[in-house]
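The structure appears right after this line, and notes come after that.
Numbering (the numbering used here), first residue to last: 98 to 187.
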């Protein structure tokens with residue numbers, strides 16, 4: 098991505114003019130999430146409530162996720178209750 102601008106948490110999609118099969122994405126592009134550049138694919142689907150887009154993200158060059166993205170936000174169990182206090186603050 099062009100580094101002249103802060104592209105973090107944004108991206109772009111273009112119509113896939115190379116689509117040959119129904120399984121190929123309708124749109125392709127790229128985005129940046131928390132400093133990690135990713136490929137972005139989108140398929141137009143039809144659901145009970147009308148049309149929607151299904152998205153898929155894949156890191157460019159298989160970049161590993163930053164350590165903060167792979168850790169549980171609170172404690173190690175991932176439940177979020179590890180540091181819960183019995184006292185209610187209000």
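Here a beta-carbon is modelled for each residue, glycine too, at the ideal position from N, C-alpha and C.
Just so it is clear, the structure is predicted and the values come from calculations on it, not from any experiment.
Own chain partners of residue i with C-beta closer than 8 Å, once the 5 adjacent residues on each side are dropped
| i | result |
| --- | --- |
| residue 148 | 141, 142 |
| residue 196 | The question about residue 196 has no answer, for the chain in this structure spans 98 to 187. |
| residue 122 | 113, 116, 138, 139, 140, 153 |
Among the options, the one whose alpha carbon lies nearest that of residue i
| i | options | result |
| --- | --- | --- |
| residue 105 | 135, 112, 155 | 135 |
| residue 155 | 145, 114, 144, 108 | 108 |
| residue 157 | 102, 119, 132, 146 | 132 |
Beta-carbon proximity list for residue i, same chain, < 6 Å, skipping 5 on both sides
| i | result |
| --- | --- |
| residue 151 | 140, 142 |
Opposing strand residues paired with residue i [DSSP bridges]
| i | result |
| --- | --- |
| residue 124 | 112, 139 |
Segment limits, beta strand (DSSP E) that includes residue i
| i | result |
| --- | --- |
| residue 148 | 147-156 |
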